[in-house]
Amino acid sequence: MSEEVVLSGGEEHIASAISEEVVITFEDVNKWYGEFHVLKDINLSVRKGERIVICGPSGSGKSTLIRCINRLEPHQDGHIVVNGVNLDANVKNIDAIRSDVGMVFQSFNLFPHLTVVENCTLAPMWVKKMPLAEAEQIAMKYLERVKIPEQAQKYPGQLSGGQQQRVAIARSLCMNPSIMLFDEPTSALDPEMISEVLDVMVELAETGMTMLCVTHEMAFAKKVADRVIFMDFGEIVEENAPDEFFGNAKVDRTQLFLSQILAH
Amino acid sequence: MAAVIERGARDSRSTFAKIVNDERNRSIFWQVIVFGLIGYVCWYLFTNTAANLEARGMSSGFDFLGTNAGFDIAWSIIPYEPQDTFGRVYLVGLTNTLAVSLLAIVLTTILGFIIGVLRLSHNWLISTMAAWYVEIFRNTPLLLQIIFWYTAVFSVLPRPKQSIDIGGIGLFELNNRGLYFPEPQPGDLFWITMLAIFVAIATVYFLAVWAKRRQLTTGERFPVFWTSLGILFGLPIVVFLVTGSPLAWSIPELKGFNFQGGTSLPPSFLALFFALVIYHSSYIAENVRAGILSVSHGQTEASYSLGLKPGWTLRLIIIPQALRAIMPPLISTWMTVVKNSSLAVAIGFPDLVSVFMQTSINIGGHAIEIVAMVMLFYSSVSLIISAALNYYNTRVQLKER
Ligand SMILES: Nc1ncnc2c1ncn2[C@@H]1O[C@H](COP(=O)(O)OP(=O)(O)OP(=O)(O)O)[C@@H](O)[C@H]1O
Ligand SMILES: [Mg+2]
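Written out as structure tokens, the structure reads:
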């Protein structure tokens with residue numbers, strides 16, 4: 001799958017500007033779905049500006065892990081601290097975190113009854129109490145950044161998958177988040193649309209955004225990631241710099257997984 | 265040379281073929297044929313019937329509407345006396361039908377939404393009970409339910425002397441003659457309160473417009489809902505009190521064997537109303553449930569992940585999308601309520617079909633004219649409702665590629 005994707009602007013790893021400040025901390029986090037132990041003793045810390053790619057077999061808990069960061073899923077044990085705020089049942093904390101953490105879904109989840117620009121202005125207007133004119137100005141800025149300003153007045157159903165996903169990215173960016181989460185943003189897309197979305201994500205990485213991205217696009221991982229995390233059966237099995245990770249994985253399970261996805 | 269001639273021949277053939285094969289022309293052609301056939305059948309039926317009636321010496325035409333009906337009607341919204349005309353009987357039937365239908369539509373919609381939402385409840389007991397409600401009332405015939413409410417509930421109630429005092433405050437009395445309740449008797453100054461109600465509605469409307477504009481320009485929000493509620497109730501109540509409470513109530517009181525004063529609804533009305541509300545609410549509940557479920561969970565997650573609170577998510581994301589799925593079947597259920605109210609015939613509620621198509625035809629004849637007038641009423645109501653539906657659909661239709 002990944003070999004065909006060509007990213008514009010070469011293959012070299014783009015420079016990262018990681019600061020010392022830790023923005024996400026997982027401390028002995030455990031989560032269960034009923035009896036099913038989906039996250040096991042997760043420890044992870046992410047620094048500001050860091051770009052992390054998470055991969056692993058289906059059902060290994062990747063989505064669950066990043067959905068815990070904006071508490072779309074509650075965890076039962078351990079601590080998750082995001083931007084200095086401890087995530088618990090406190091509704092005020094959850095609201096604060098969610099408006100500062102953007103999320104992009106595999107299935108886009110655009111609001112089909114609103115135009116592209118309305119999708120982008122909704123949250124700034126309601127959550128940040130922004131006047132319409134200002135919200136629209138910001139929306140257009142980000143729609144230009146994802147290269148579809150001309151689609152602003154259309155409805156999501158009138159766009160291609162790649163365009164929809166770029167709108168979804170713009171919609172998140174309109175809230176001016178400090179962290180962006182991506183859950184397999186390209187796996188619902190036809191091959192020819194994958195690179196247009198990845199290009200936008202690479203450009204976002206160049207701006208110094210903190211990013212956690214669940215993806216199996218190895219070209220993207222090599223170019224952008226500061227760290228690659230491999231998950232299996234709810235555990236973080238291995239984490240390493242991309243060169244090390246793809247070049248000589250230490251753990252057998254990782255090697256097996258890599259050989260499987262590269263064999264595609 | 266031969267090739268040229270052949271080409272020419274094919275061309276002349278193809279202009280004809282072009283016209284015949286054009287999709288638009290074809291559809292026009294078929295429409296003309298169909299309309300022609302319908303027109304012919306109508307004309308044939310009309311002239312034939314008119315000729316037959318004339319041959320038997322029966323008059324046709326609508327003159328009978330001006331003549332005396334001569335029979336009584338058990339219950340009517342508008343005043344009616346036996347010496348009134350058949351035209352008046354039509355109006356009485358029509359208003360009775362509209363009264364029970366409109367009341368049933370309002371209540372069945374509210375009840376349907378409540379049951380539909382309850383069916384989605386996480387509480388097992390509640391959702392199961394709602395499911396049973398839907399399954400029981402949707403899967404038994406409406407006529408059976410109407411007769412059940414009439415014969416097994418409302419006509420076997422105690423006599424007026426032993427009336428059931430609903431609420432225990434002596435204002436709502438239920439017995440085998442119907443439901444008795446107070447009747448408002450507006451005083452001279454009551455129009456000022458009515459005026460205040462209109463002023464309040466207008467104020468709320470402009471308040472909503474203003475609040476929306478203010479949010480668009482400054483981002484500030486205004487608690488429109490609670491303020492509106494305050495204005496809607498507060499203003500009329502204050503005006504009512506200031507003008508000296510110009511509204512008297514006639515209270516039903518037991519005098520001898522029956523109640524005097526107040527006003528009442530007969531058992532047949534109550535039975536029809538209950539059956540219509542309960543039967544159709546089970547359909548609406550299903551529509552509401554399906555409509556809410558049709559909005560994927562991803563929409564909620566996307567909304568939450570943008571920082572929109574649950575209340576806003578419901579209002580801005582879920583409800584607008586669910587309504588698109590709910591409205592069309594809801595409106596057609598309303599149409600069905602109006603049509604099904606004609607089953608009133610079975611329990612003798614004086615609806616349009618009962619007083620006009622049954623009693624009037626039995627007494628005065630003119631079946632063709634009367635059937636036509638009744639059909640005209642039902643189809644106009646349906647057409648008005650479906651016009652509203654079409655308007656709604658074109659306004660909210662999702663734009664797809
Ligand atoms: N709401 C839920 N209730 C019960 N089990 C769930 C729920 N959501 C996920 N799971 C289970 O938790 C496990 C991890 O799910 P998760 O979606 O995090 O996996 P994933 O690594 O993202 O997989 P994929 O690559 O298929 O997206 C899976 O076995 C899944 O079946
Ligand atoms: Mg997943």
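Line by line, the protein sequences are chains D and R. For what it's worth, this note's numbering labels the leading residue of the first sequence as 1, then goes sequentially. For what it's worth, this note's numbering labels the leading residue of the second sequence as 265, then goes sequentially. Cβ coordinates follow ideal geometry from the N, Cα and C atoms, glycine included.
Asked, Found
"Would the stretch 593–607 of chain R and the stretch 304–313 of chain R be scored as touching if the rule is three or more Cβ pairs under 8 Å?", "no"
"Bridge partners for D/GLU235 per DSSP, in chain order?", "D/ASP232"
"I need the DSSP call for R/HIS630, collapsed to helix, strand or coil.", "coil"
"Count the C-beta pairs between the stretch 492–512 of chain R and the stretch 431–446 of chain R that are closer than 8 Å, then say yes if the count reaches three, no if not.", "no"
"Identify the contact partners of R/GLY571 in chain D, using a Cβ-Cβ distance below 7 Å as the criterion.", "ASP95, ARG98, SER99, ALA123, VAL127, MET175"
"Once you ignore the five residues that flank R/THR623 on each side, which residues in its own chain have a CB closer than 7 Å to its CB?", "PHE335"
"Hey, would you say the C-beta of R/GLY562 is under 6 Å away from at least one heavy atom of ligand 3?", "Ligand 3 is absent from the structure shown, which contains only ligand 1 and ligand 2."
"The beta strand (DSSP E) spanning R/GLN524 covers which residue range?", "522–524"
"Where DSSP assigns a beta bridge to R/GLN449, which residues make up the other side?", "R/ALA512"
"Cutting at 6 Å between CB atoms, please list the residues of its own chain near D/LYS62, excluding the five before and the five after it.", "ILE54, GLY56, VAL214, MET231"
"Listed by chain order, which residues have C-beta atoms less than 5 Å from any heavy atom of ligand 1?", "D/TYR33, D/VAL38, D/SER58, D/GLY59, D/SER60, D/GLY61, D/LYS62, D/SER63, D/THR64"
"Of all the CB atoms in chain R, is at least one closer than 7 Å to the CB of D/MET130?", "yes"
"Kindly indicate which residue of R/ALA549, R/TRP576, R/GLY442, R/TRP413 has the alpha-carbon position closest to the one of R/LEU529.", "R/GLY442"
"Classify R/GLN409 as buried or exposed, calling it buried when 16 or more other Cβ atoms lie within 10 Å of its own Cβ.", "buried"
"Closest to D/GLY157 by CA distance: which of D/HIS113, D/CYS68, D/HIS75, D/GLU217 is it?", "D/HIS113"
"With respect to the alpha helix (DSSP H) encompassing R/SER492, which residues constitute its N-terminal and C-terminal limits?", "488–506"
"In its own chain, which residues sit with a C-beta less than 7 Å from the C-beta of R/LEU610, not counting the 5 before and 5 after it?", "At residue 610 of chain R the sequence reads Ala, which differs from the Leu that was named. Hits under 7 Å: LEU407, ILE410, ILE411."
"How many Å lie between R/SER391 and R/VAL398 at the Cα?", "11 Å"
"Pick from D/GLU35, D/ASP77, D/GLY59, D/PHE111: whose alpha carbon is nearest that of R/GLU565?", "D/PHE111"
"Step through the CB atoms of chain R and report whether any lies within less than 7 Å of the CB of D/SER107.", "yes"
"Answer with yes or no whether the minimum CB distance from D/PHE319 to chain R is below 7 Å.", "Absent from the structure is residue 319 of chain D, since the part of chain D shown begins at 1 and ends at 264."
"Taking only beta carbons into account, state which residues of the stretch 556–569 of chain R come closer than 7 Å to chain D, listed in chain order.", "GLY562, GLN563, GLU565, ALA566, TYR568, SER569"
"Please report the distance separating the alpha-carbon of R/GLU257 from that of R/ARG352.", "Because residue 257 of chain R is not part of the residues shown, which for chain R are 265 to 665, the question remains open."
"Excluding the 5 residues flanking R/ARG478 on each side, which residues of the same chain have their C-beta closer than 7 Å to its C-beta?", "GLU484, PHE486"
"Return helix, strand or coil for D/GLU184, following the three-state DSSP convention.", "coil"
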